[in-house]
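Visitor:
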Amino acid sequence: MFDMYQGFASYKSWDFEVYNYAPAEYGGLHHAAVRITGDNVYRNLKHEGGTHRVQRIPEVGLSSRMQRIHTGTMTVIILPQPFDVHIDPKDLRIDTFRSRGAGGQSVNTTDSAVRIVHLPTGITSECQQTRSQLQNRDTAMRVLKARLYQSMMGRDTERRQSARKQQVGTRSQSERIRTYNFSQDRVTDHRTGYVTRDIKVTYTKYHYVQILLKS
165 MFDMYQGFAS
175 YKSWDFEVYN
185 YAPAEYGGLH
195 HAAVRITGDN
205 VYRNLKHEGG
215 THRVQRIPEV
225 GLSSRMQRIH
235 TGTMTVIILP
245 QPFDVHIDPK
255 DLRIDTFRSR
265 GAGGQSVNTT
275 DSAVRIVHLP
285 TGITSECQQT
295 RSQLQNRDTA
305 MRVLKARLYQ
315 SMMGRDTERR
325 QSARKQQVGT
335 RSQSERIRTY
345 NFSQDRVTDH
355 RTGYVTRDIK
365 VTYTKYHYVQ
375 ILLKS
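Going by our numbering, the letters in the sequence shown line up with residues 165 to 379, in that order.
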């Protein structure tokens, strides 16, 4: 999914800046945060927010009795680029720590990773993408401002939580955005009922991605 969005951004001539990329212990991606800029980015991607389901048979690492279809979910959250958000420095706690790689091992000998906490709201952001603490701090601050902007868009706490739940949900079957079924080589959009075959083509031929986004 990450590669699909990155490739689609290149296809659309958008700028794709990685803020945070944390690989999973057994391969793949645990979580990531990116900033995408360009013409009509939010218009194209805003409906991607929600739960995406993947059905596949794991290729390695499992015994024969476990070689069955596994279902996993991934949550996508789309935030619009905020206007400049004023933050009182006294409202921030800034922590530094060593970057971590897959499995939790340290990948840097200096405290270059940065985590920023907005104390009044408890909203946090972190970045460990580069070896420069200053660059990571700047990136983490931009992410924090985006998250604060999202919280400011609602009129009250209940409305903000409702807006976020609309994307994150509870990951139940009824809240799916799209299912990628690798064993049947099929992509299904549950909002519209649109179905297409050949997942590899869908992922790599980005005019098909455009069709999915508009379906």
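Positions of the beta carbon are idealized from the N, C-alpha and C atoms, including for glycine.
Going by DSSP, name the residue or residues bridged to A196.
Guide: Answer is Y185.
Visitor: My understanding is that Q293 touches V182, with C-beta atoms under 8 Å, so please give their C-beta distance in whole angstroms.
Guide: Going by Cβ atoms, the distance from Q293 to V182 rounds to 6 Å, so yes, they are a contact pair.
Visitor: Y175 and Y370: beta carbons closer than 8 Å?
Guide: Yes, the pair counts as a contact, with Cβ atoms nearer than the cut-off.
Visitor: Between the C-alpha atoms of M238 and T352, what's the straight-line distance to the nearest angstrom?
Guide: So the two alpha carbons sit approximately 15 Å from each other.
Visitor: Compare the beta carbon distance of T274 and C291 with 8 Å and say whether it is the shorter of the two.
Guide: No, the pair does not count as a contact, with Cβ atoms beyond the cut-off.
Visitor: Could you name the residues of the same chain whose beta carbon sits closer than 7 Å to that of R319, not counting the 5 residues immediately before and after it, in chain order?
Guide: Confidence in R319 is poor, its pLDDT being 48 and thus under 50, which makes the residue's placement unreliable; the coordinate value appears in the next sentence. Cβ neighbours of R319 beyond the five flanking positions: none.
Visitor: What are the boundary residues of the alpha helix (DSSP H) that includes I251?
Guide: From DSSP, I251 is part of no alpha helix (DSSP H); its letter is neither H nor E.
Visitor: Taking the C-alpha atoms as reference points, what is the distance between I241 and L209?
Guide: Spanning the two alpha carbons is a distance of roughly 10 Å.
Visitor: Assign H354 to one of three DSSP states: helix, strand, or coil.
Guide: Of the three classes helix, strand and coil, the one that applies to H354 here is coil, per DSSP.
Visitor: Could you name the residues of the same chain whose beta carbon sits closer than 8 Å to that of I287, not counting the 5 residues immediately before and after it, in chain order?
Guide: V281, L308, R311, L312, S315, listed in sequence order.
Visitor: According to DSSP, simplified to helix, strand and coil, what is G171?
Guide: G171 falls in the helix class under three-state DSSP.
Visitor: At 3 residues or longer, what runs of the beta strand (DSSP E) sit wholly inside the segment 274–324?
Guide: Counting only runs of 3 or more, we get 277–282, 287–291.
Visitor: Please identify the residue among R340, G357, Q245, Q374 whose C-alpha is closest to the C-alpha of V218.
Guide: V218 has its Cα closest to that of R340, out of R340, G357, Q245, Q374.
Visitor: Which of the three DSSP states, helix, strand or coil, is assigned to I375?
Guide: Three-state result, I375: helix.
Visitor: In chain order, what residues of the same chain have a beta carbon less than 6 Å from the beta carbon of P284, not counting five sequence neighbours either side?
Guide: Result list for P284: D255, in chain order.
Visitor: If you count every other CB in all the chains shown that lies within 10 Å of the CB of S347, and 16 or more means buried, which is it?
Guide: Burial call: exposed.
Visitor: Of the residues P187, G202, N204, which one's Cα is nearest the Cα of A196?
Guide: Answer by Cα proximity: P187.
Visitor: Please state if the CB of M168 and the CB of V365 are separated by a distance shorter than 8 Å.
Guide: It is not a contact, given that the beta carbons lie outside the stated cut-off.
Visitor: Give me whichever residues DSSP pairs with N204 in a beta bridge.
Guide: None; N204 has no bridge partner.
Visitor: Grouping DSSP H, G and I as helix and E and B as strand, with all else coil, what is I367?
Guide: The residue you asked about is not Ile; residue 367 is Tyr in the sequence shown. The answer is helix: DSSP assigns Y367 an H, G or I state.
Visitor: By DSSP, does I166 sit in helix, in strand, or in coil?
Guide: The displayed chain sequence assigns Phe, not Ile, to residue 166. Three-state DSSP puts F166 in a helix.
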